[in-house]
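> Residue numbers (our numbering): 81 to 556.
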Ligand code: ARG
């Protein structure tokens, strides 16, 4: 297929011979940066038009150039044009493709640009595009959580702090507490996208170009808000990579918390949730086992997401301006972060939407561990007892029950009187999980009213993300 002889190195002129094998093997990035090819081609189209506008390509040359880029794009998509290991990187491989199609004319496109501004542009385009794909997968998981939450607005559960029974909550409220961070993550992705929507093309190697280029036109064609203000910053800035990795790390941390809870919920000790067979795994030796591997992988994969962020920040620390080859190390961590989330999120969504919640077990566990003690203290407060005293009195009642190994509602009228003159049998009206939940009517609390409100608001917010999540960044 290649019409040109040997590798299409972009920098051969001043070198006596080819690179040592060890250098070539270290230097090559095409095996991972090839996924930038469609973005590189889109940027090439914009650059070709600008070269024509500057009088550096005539109308016929521009036409042939654009046709060759279209043809190369289809060939890449169909797998008919592939990079070889001789191609140092995606830019080299695509220039070879262009030379194969156009001969000498293919060599004109490199005027006024450098791999330094190209790679920064390509990576921004790739990430802006894939941020939307990640957002779509986050929406899918949030949808699954919302749907389950809708079924369990009125399902009491034992709310935990320190993994100890604390106060009863609605299980719907609990599930929605996993939706809220995802809504913030979606917001983070869109905030990030606003800052990332700046085009480095035109920065050249670092100093801009002496040719009459039009960075604003290129930026516009590629869906960016504006070109960079400073060409040196344009080729050196990888804030957008680090910030993207922070967001994917935080998503990973959120998913790991959900994963850990599902591991607990599905344990025999809790027994609150049963996973669908399609979303659980077995053991090669113990026939009875049903494991929550998806949830565990959610926990485990947070490690590599955080690792990617740390790798990139560490790589960037202390780098002098402008482009340094260290920066080639920015790509694998973000590609891995995108791949990881695109694998993990649909699996989690499927696991959540198909799980069976054991309402009976949750309801039975809700009042256990004196979780209604705060209701007693609040009851005393409503009677005018200072909370400090109410806390002491209720603590005394709990101590009595703990010694007798009974629950709060099991004590006799005489016991109540013995613990405190302020207690009387009417306190029993607050000693039910239902009344504890019903009493919580303030916004954001766990009563059925506020939880239904929260569900509505969260679902409206989520609807607002759907369109953004399927937007195309690079127009054809
Ligand atoms: N493969 C390189 C990277 O990913 C492209 C830029 C190379 N620029 C250079 N001056 N060697 O960073």
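Where a beta carbon is used, it is the ideal one built from N, C-alpha and C, also for glycine.
Near residue 370, which residues of its chain fall below 6 Å by C-beta distance, leaving aside the five closest residues on each side in sequence?
Along the chain shown, one-based indexing puts residue 370 at 290. Hits under 6 Å: 360.
> Assuming residue 513 contacts residue 488 (C-beta within less than 8 Å), just tell me the rounded distance between them.
The residue you call residue 513 lines up with position 433 of the chain shown. The residue you call residue 488 lines up with position 408 of the chain shown. Between residue 488 and residue 513 the Cβ distance is about 12 Å, and since that is not below 8 Å, they are no contact.
> Could you pull out every residue in the same chain whose Cβ sits closer than 6 Å to the Cβ of residue 246, ignoring the five residues on either side in sequence?
As a working mapping, residue 246 is identified with position 166 in the chain shown. Answer for residue 246: 239 and 240, listed in chain order.
> Based on the DSSP output, what are the partners of residue 354 in its beta bridges?
The count along the chain shown starts at 1 and reaches residue 354 at position 274. Its beta-bridge partners are 436.
> With a 10 Å radius around its C-beta and 16 neighbouring C-beta atoms as the bar for buried, classify residue 379 as buried or exposed.
Here residue 379 refers to the residue found at position 299 when the chain shown is read from its first residue. Burial call: buried.
> Taking 7 Å as the cut-off, does the CB of residue 119 come closer than this to any heavy atom belonging to the ligand ARG?
Your numbering for residue 119 matches position 39 in the chain shown. No, the beta carbon of residue 119 sits no closer than 7 Å to any heavy atom of the ligand ARG.
> Look at the Cβ atom of residue 284, then the Cβ atom of residue 169, and state whether they are nearer than 8 Å.
Along the chain shown, read from residue 1 onward, the residue named residue 284 stands at position 204. Along the chain shown, read from residue 1 onward, the residue named residue 169 stands at position 89. No. Outside cutoff.
> Counting along the chain, where does the alpha helix (DSSP H) carrying residue 236 start and finish?
For the purposes of this step, residue 236 is identified with residue 156 of the chain shown, where counting begins at 1. That residue, residue 236, is in no alpha helix (DSSP H); its beta strand (DSSP E) goes 236-241.
> Since I believe residue 281 is in contact with residue 123 (beta carbons under 8 Å), could you give me their beta-carbon distance rounded to a whole number of angstroms?
To locate residue 123, count along the chain shown from 1; it is residue 43. To locate residue 281, count along the chain shown from 1; it is residue 201. With 8 Å as the limit, residue 123 and residue 281 qualify as a contact, their Cβ atoms being about 6 Å apart.
> For the putative contact between residue 372 and residue 348, defined by C-beta atoms under 8 Å, what is the C-beta separation to the nearest angstrom?
Numbered from its first residue, the chain shown carries residue 372 at position 292. Numbered from its first residue, the chain shown carries residue 348 at position 268. Actually they are not in contact, since the Cβ atoms of residue 372 and residue 348 sit about 12 Å apart, beyond 8 Å.
> In or out: residue 486 buried (at least 16 other Cβ within 10 Å) or exposed?
As a position in the chain shown, residue 486 is number 406, starting the count at 1. With fewer than 16 other Cβ atoms within 10 Å, it is exposed.
> Going by the C-beta, is residue 206 closer than 7 Å to any heavy atom of the ligand PLP?
Because the ligand PLP does not appear in the structure shown, any question about it cannot be addressed here, the ligands present being the ligand ARG.
> State yes or no: is the C-beta of residue 436 within less than 8 Å of the C-beta of residue 353?
For the purposes of this step, residue 436 is taken as the residue at position 356 of the chain shown. For the purposes of this step, residue 353 is taken as the residue at position 273 of the chain shown. Going by C-beta atoms, residue 436 is nearer than 8 Å to residue 353.
> Could you tell me if residue 91 is buried or exposed, where buried requires 16 or more neighbouring beta carbons within 10 angstroms of its beta carbon?
If you number the chain shown from 1, residue 91 lands on position 11. Exposed, since its Cβ has fewer than 16 Cβ neighbours within 10 Å.
> Three-state secondary structure (DSSP) at residue 81?
For the purposes of this step, residue 81 is taken as the residue at position 1 of the chain shown. Residue confidence for residue 81 is low, a pLDDT of 35 falling below 50, so the modelled location carries little weight and cannot support an answer.
> Considering just the uninterrupted stretch of the alpha helix (DSSP H) at residue 173, what are its terminal residues?
Residue mapping note: residue 173 aligns to position 93 of the chain shown, counting from 1. Residue 173 -> alpha helix (DSSP H) spans 170-182.
> For residue 260, which of 551, 549 and 536 has the nearest alpha-carbon?
As a position in the chain shown, residue 260 is number 180, starting the count at 1. Selected option, being the one with the closest Cα: 536.
> So residue 291 and residue 134 are in contact, right, with Cβ under 8 Å, and what is the actual spacing, rounded?
In the chain shown, the residue the question calls residue 291 occupies position 211. In the chain shown, the residue the question calls residue 134 occupies position 54. At roughly 6 Å, the Cβ-Cβ gap stays under 8 Å, so residue 291 and residue 134 are in contact.
> Can you tell me which of 176, 458, 479 and 465 puts its alpha carbon nearest to the alpha carbon of residue 501?
Reading the chain shown from its first residue, position 421 is the one you call residue 501. Of 176, 458, 479 and 465, the residue nearest in Cα terms is 465.
> Do residue 205 and residue 531 come within 8 Å of each other at the CB atom, strictly closer than that value?
Against the chain shown, residue 531 aligns to sequence position 451. Against the chain shown, residue 205 aligns to sequence position 125. Cβ atoms of residue 531 and residue 205: not closer than 8 Å.
> To the nearest angstrom, how far is the alpha carbon of residue 446 from that of residue 308?
As a first step, residue 446 must be located in the chain shown, where it is residue number 366. As a first step, residue 308 must be located in the chain shown, where it is residue number 228. Straight-line Cα distance between these residues: approximately 57 Å.
> So, are the CB atoms of residue 550 and residue 216 less than 8 Å apart?
Numbered from its first residue, the chain shown carries residue 550 at position 470. Numbered from its first residue, the chain shown carries residue 216 at position 136. Yes, they are a contact pair.
> With a threshold of 7 Å (Cβ to nearest heavy atom), would residue 408 be considered close to the ligand ARG?
Along the chain shown, read from residue 1 onward, the residue named residue 408 stands at position 328. Yes, the ligand ARG has a heavy atom inside 7 Å of this Cβ.
> Would you decide whether residue 522 is buried or exposed? Buried here means 16 or more other CB atoms lie within 10 Å of its CB.
Translated into positions along the chain shown, residue 522 becomes position 442. Counting Cβ neighbours within 10 Å, residue 522 comes out exposed, since fewer than 16 surround it.
> Which residue marks the beginning of the alpha helix (DSSP H) containing residue 210, and which one marks its end?
Along the chain shown, read from residue 1 onward, the residue named residue 210 stands at position 130. First-last of the alpha helix (DSSP H) with residue 210: 195-231.
> Classify residue 448: buried if its beta carbon has 16 or more other beta carbons within 10 angstroms, exposed otherwise.
Against the chain shown, residue 448 aligns to sequence position 368. Per the 10 Å Cβ criterion, exposed.
> Along the alpha helix (DSSP H) that carries residue 260, what are the first and last residues, could you check?
The count along the chain shown starts at 1 and reaches residue 260 at position 180. First-last of the alpha helix (DSSP H) with residue 260: 251-276.
> Where residue 392 and residue 207 are concerned, what is the direct C-alpha to C-alpha distance, given to the nearest angstrom?
Looking up residue 392 in the chain shown gives position 312. Looking up residue 207 in the chain shown gives position 127. Roughly 15 Å between the two C-alpha positions.
> Determine, using beta-carbon pairs with one atom in the segment 426-443 and one in the segment 224-240, whether at least three such pairs fall under 8 Å.
Contact holds: three or more Cβ-Cβ distances are below 8 Å.
> Could you tell me how far apart the beta carbons of residue 149 and residue 258 are, in whole angstroms, since I believe they sit closer than 8 Å?
In the chain shown, residue 149 corresponds to position 69, counting from 1. In the chain shown, residue 258 corresponds to position 178, counting from 1. With 8 Å as the limit, residue 149 and residue 258 do not qualify as a contact, their Cβ atoms being about 45 Å apart.
> Per DSSP, residue 245 is paired with what?
Within the chain shown, numbered from 1, the residue matching residue 245 stands at position 165. Residue 245 is bridged to 240.
> Quick one: which unbroken alpha helix (DSSP H) runs of 4-plus residues sit fully inside the segment 109-158? Chain order, please.
Qualifying alpha helix (DSSP H) stretches, in chain order: 110-113, 117-133 and 139-158.
> How big is the Cα-Cα spacing for residue 336 and residue 101?
As a working mapping, residue 336 is identified with position 256 in the chain shown. As a working mapping, residue 101 is identified with position 21 in the chain shown. Spanning the two alpha carbons is a distance of roughly 42 Å.
> Consult DSSP for residue 367 and reduce its assignment to one of helix, strand or coil.
The residue you call residue 367 lines up with position 287 of the chain shown. It is coil, neither helix nor strand.
> Regarding residue 414 and the ligand ARG, is the C-beta to nearest heavy atom distance less than 7 Å?
Reading the chain shown from its first residue, position 334 is the one you call residue 414. Flag unset: Cβ of residue 414 not near the ligand ARG.
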